[in-house]
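Peer 1:
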Amino acid sequence: MGARRKQAQDNDLGAQLTSSARRDAPLAYAIAFVSFARSQGYSPAQLAKWVHDQYESTGWYDGFAASHDPDSLFEAFLTDIVQGHLLLRTAAKIVRDGEGVIIHTDTFIPRRARAMSRQFGLDPTDVESFVEELLVQHATRLGMSATISSGQRGREVRISPSWNNGNALTVREILEQDRAWLRGFLQHRWGGDTLLTRGKEHNVASASGFLATEGQKIVGVLTYADDGEHCEVLTLDALEPGRGIGRLLVDALMESREVGEVITVVTSNDNLDALGFYQRIGFQLTAVLPEAINNARLTKPSIPTVSKRGIPIRDELVLTQVVRP
Numbered sequence: 001m002g003a004r005r006k007q008a009q010d011n012d013l014g015a016q017l018t019s020s021a022r023r024d025a026p027l028a029y030a031i032a033f034v035s036f037a038r039s040q041g042y043s044p045a046q047l048a049k050w051v052h053d054q055y056e057s058t059g060w061y062d063g064f065a066a067s068h069d070p071d072s073l074f075e076a077f078l079t080d081i082v083q084g085h086l087l088l089r090t091a092a093k094i095v096r097d098g099e100g101v102i103i104h105t106d107t108f109i110p111r112r113a114r115a116m117s118r119q120f121g122l123d124p125t126d127v128e129s130f131v132e133e134l135l136v137q138h139a140t141r142l143g144m145s146a147t148i149s150s151g152q153r154g155r156e157v158r159i160s161p162s163w164n165n166g167n168a169l170t171v172r173e174i175l176e177q178d179r180a181w182l183r184g185f186l187q188h189r190w191g192g193d194t195l196l197t198r199g200k201e202h203n204v205a206s207a208s209g210f211l212a213t214e215g216q217k218i219v220g221v222l223t224y225a226d227d228g229e230h231c232e233v234l235t236l237d238a239l240e241p242g243r244g245i246g247r248l249l250v251d252a253l254m255e256s257r258e259v260g261e262v263i264t265v266v267t268s269n270d271n272l273d274a275l276g277f278y279q280r281i282g283f284q285l286t287a288v289l290p291e292a293i294n295n296a297r298l299t300k301p302s303i304p305t306v307s308k309r310g311i312p313i314r315d316e317l318v319l320t321q322v323v324r325p
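Now the structure itself:
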């Protein structure tokens, strides 16, 4: 496809995405759907995961991939799925970036969307979070990479056809033959294989967990502690950020647990990235333990006192999420 023709199609798509006539009906359905889910206690991330599972169970992903050859799959995804992300936007510009695309949108939420949300007692950003979470899950399941960021000028969506490398992301449990790699990784990443949370020491190198792999390469790892009553995430590392690897690992843990079980994460007060990530995927801040890290430092003096951002490291924050059906 010629560059001029592709750019013309991109411009047409951008115009279609911002057409109010095409936006109002699906927007109303999305707001009602998210409102009902919120009333049942589901976060936007949990709702997106539920919708993703319905797509999976009906074979939609396999059908979508089978109906397009590899050369056209990415363009079909861009046209048919990304539209949902722009329900709350009034302007969009698509820019080619190597093999992928960058979609620039404004931050303006139309008055009609705000009015409809208020009628349902809903925060419009809940709808936005749901649509964005679902977009990332769609892309990841189809073997692509999608990241979303915001700035003063608007939102930015980056989508890349990472499926071209021929290897799909898979998640599996940590096996005994992985332990040597895990010990070396923990030493390099965390400075050791022991971790203190809430005054308890954990041997992370022997903990249960999951690995995310791409072909023969390990691209992510999650470890957790399970004492029969509580399940606590100990470490979560995505070796290639921005590809949804952390989300895949947490999803694998959630799916392995019983419905109604509470999953706990304990992090430090300076770890803003972790706080944002876990809350985006449905965890809630449920406790603050003042001076907990200062106390832990008496046992493990190697714990830093100040983060790279200049934040004093002194408190532990506890986040939890209940496993839902």
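In full-length UniProt numbering, the protein residues as written are 1 to 325. We put the CB at the ideal spot given by N, CA and C, even for glycine.
(1) Leaving out the 5 sequence neighbours to the left and right, which residues in its chain are closer than 6 Å to N164 when beta-carbon positions are compared?
(2) I'd like to know whether the C-beta atoms of R172 and T213 end up nearer to each other than 8 Å.
(3) Note down the Cα distance separating S268 from I313, rounded to an integer number of angstroms.
(4) Please go through the region 294-324 and give each complete beta strand (DSSP E) segment of 3 or more residues, from N-terminal end onward.
(5) Pair every Cβ in the region 229-236 with every Cβ in the region 255-264, then say whether three or more of these pairs are closer than 8 Å.
(6) Considering only residues of the region 222-288, which uninterrupted beta strand (DSSP E) runs meet the minimum length of 3 residues and lie entirely inside it, listed in chain order?
(7) Which residue marks the beginning of the alpha helix (DSSP H) containing residue 337, and which one marks its end?
(8) Which runs of the alpha helix (DSSP H) spanning at least 4 residues fall entirely within the region 123-160, listed in chain order?
(9) Just list the residues that DSSP pairs F64 with in beta bridges.
(10) Closer than 7 Å to a non-hydrogen atom of the ligand MN - does that hold for the CB of I245?
(11) Just checking, does the region 309-324 make contact with the region 270-278 on the three C-beta pairs under 8 Å criterion?
(12) Less than 8 Å between the CB atoms is what I'm expecting for I218 and V250, so what's the real figure, rounded?
(13) Could you give the first and the last residue of the continuous alpha helix (DSSP H) run that contains A113?
(14) What did DSSP end up calling residue 328 once you bin it into helix, strand or coil?
(15) Quick one: using the 10 Å Cβ neighbour count with 16 as the cut-off for buried, is G192 buried or exposed?
Peer 2: Working from what's here:
(1) Residue confidence is low: N164 scores 45 on pLDDT, short of 50, so the model does not pin down where it sits. No coordinate-derived value is stated.
(2) yes
(3) 7 Å
(4) 316-322
(5) yes
(6) 231-238, 262-268
(7) One cannot answer for residue 337 here, as it falls past the ends of the chain, which runs 1 to 325.
(8) 124-141
(9) Bridge partners of F64: none, in fact.
(10) Ligands displayed in this structure: none; no statement on the ligand MN is therefore possible.
(11) yes
(12) About 17 Å; that fails the 8 Å criterion.
(13) 111-119
(14) Because the chain in this structure spans residues 1 to 325, residue 328 falls outside the shown range and cannot be described.
(15) exposed
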